[in-house]
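For reference, the structure discussed in these notes is given below.
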Amino acid sequence: MKDNSITIAKGIGITLVVIAHIMEGYIGSAIFTFHMPFFFILSGMLYKPEEDISFIRKKTKRLLFPYLFYSAIFIILGIQDILTTDKNTYFLIKELLIKNLLGGPYIGGWQSVFWFISVLYLSLVIYNFISNKLRNITIFNLMLFMIISAYIYSLLPHPKIPFDIDACLFAIPLIYIGDKYRENIKSLNFNMCLLILTSYILVNYFMPKNLQMDMKYIHFGIPFFSIISSVCATNIIINISKKITSKDYFFIMLGECSMMVMYIHQYIRLYIFVPIISEKWIILILTMSICSLLCLVHRWMYTRNIGMSFLKLVN
Numbered sequence: 001m002k003d004n005s006i007t008i009a010k011g012i013g014i015t016l017v018v019i020a021h022i023m024e025g026y027i028g029s030a031i032f033t034f035h036m037p038f039f040f041i042l043s044g045m046l047y048k049p050e051e052d053i054s055f056i057r058k059k060t061k062r063l064l065f066p067y068l069f070y071s072a073i074f075i076i077l078g079i080q081d082i083l084t085t086d087k088n089t090y091f092l093i094k095e096l097l098i099k100n101l102l103g104g105p106y107i108g109g110w111q112s113v114f115w116f117i118s119v120l121y122l123s124l125v126i127y128n129f130i131s132n133k134l135r136n137i138t139i140f141n142l143m144l145f146m147i148i149s150a151y152i153y154s155l156l157p158h159p160k161i162p163f164d165i166d167a168c169l170f171a172i173p174l175i176y177i178g179d180k181y182r183e184n185i186k187s188l189n190f191n192m193c194l195l196i197l198t199s200y201i202l203v204n205y206f207m208p209k210n211l212q213m214d215m216k217y218i219h220f221g222i223p224f225f226s227i228i229s230s231v232c233a234t235n236i237i238i239n240i241s242k243k244i245t246s247k248d249y250f251f252i253m254l255g256e257c258s259m260m261v262m263y264i265h266q267y268i269r270l271y272i273f274v275p276i277i278s279e280k281w282i283i284l285i286l287t288m289s290i291c292s293l294l295c296l297v298h299r300w301m302y303t304r305n306i307g308m309s310f311l312k313l314v315n
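Numbered per the UniProt record's numbering, the sequence shown spans residues 1 to 315.
Quick look at the structure:
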């Protein structure tokens, strides 16, 4: 029987992303401590070294093309919204275009999660280059230096960098951890991981903003404790995924369409439901329902070999 645990883990992960964005408060704060580091660690666990040019070509098709596709869609929707609701259209359209050209911390709202793609793309390309060129001990020392530098940098005044390039300083070591220690992560004691993650979540809630986890805005959490807890969260999610039956259609479907859900859930939430519904649980259920329905359509088209080029572009 096919092992779908990683696909299910991605499905659980993207569900947690949606929950964190909608519920906010205690629940959102708890999930924010690990949900984006989890995806970088998981990307490392799935990483396979490859010749640089070939790797860049594949990741450009897999990550950058969908990024540009969804950016174009949301720019068009944004311009349409400006034309129908605002008077100072020239300034607002110009601002919208400039923010999209800068990406990362400059874009929010419907596109608030787009930073992840630019950081993931750059981090994977850089990490693949490093893996191909350096010895293991040199890579280890470099990753340790990057982690320490990332924590120091996050605590100092710093400007907004286009596409969150500075977040790569923290993301690349997370990918490294997932790549080099994938089996160790899976074999960690589940109860110990649960205790560590719970402790970090409780401590994190009382920390000042610059010591909480929000990679988009270069907040990398409590030094080293945040990485340890993220590794523990990865272990917990993967172990839960293994216990969920491989026939669990819901999380497999979400895992297969995790990129599409990431791109569209904020638009569904903010544009369709937030203006008319105040109850967050209802917004969550409705947003996940629409995302699931679109994933179902995507899966149906894929199994029937319909519009394959388009399907690769949207997910």
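Note that the Cβ used here is the ideal one computed from N, Cα and C, for glycine as well.
Predicted model only: the values in this text are computed from it and were never measured.
(Q) Quick check on DSSP: helix, strand or coil for residue 40? (A) helix
From the DSSP output, in three-state form, read off residue 214 for me. strand
Three CB pairs or more closer than 8 Å across the region 171-181 and the region 133-151
yes
Check: With a cut-off of 8 Å, do at least 3 Cβ pairs link the region 209-225 to the region 68-83?
Finding: no
| said: Please identify the residue among 216, 190 and 227 whose C-alpha is closest to the C-alpha of residue 204. | reply: 227
DSSP has residue 220 in a bridge; who is on the other side? 213
TODO: Have a look at 297, 236, 229 and 127 and flag the residue whose alpha-carbon is nearest the alpha-carbon of residue 254.
DONE: 297
| said: Tell me whether the region 297-308 and the region 102-116 touch, counting them as touching only if at least three CB pairs, one residue from each stretch, are closer than 8 Å. | reply: no
- prompt: For residue 3, which three-state DSSP category applies?
  reply: coil
Q. Taking C-alpha atoms, which residue in 250, 8, 13 and 33 lies nearest to residue 206?
A. 33
My assumption, with CB atoms under 8 Å, is that residue 232 sits in contact with residue 202. Please give the rounded CB distance.
No, residue 232 and residue 202 are not in contact; Cβ-Cβ is about 14 Å, not under 8 Å.
Between residue 304 and residue 287, is the Cβ-Cβ spacing less than 7 Å? no
Inside the region 225-260 only - beta strand (DSSP E) runs reaching at least 3 residues: none
Delimiting residues of the alpha helix (DSSP H) encompassing residue 94:
89-102
Q) Exposed or buried, what is residue 338 when buried is set at 16 or more other beta-carbons lying within 10 Å of its beta-carbon? A) The shown model of the chain, from 1 to 315, leaves out residue 338, and the question about it has no answer.
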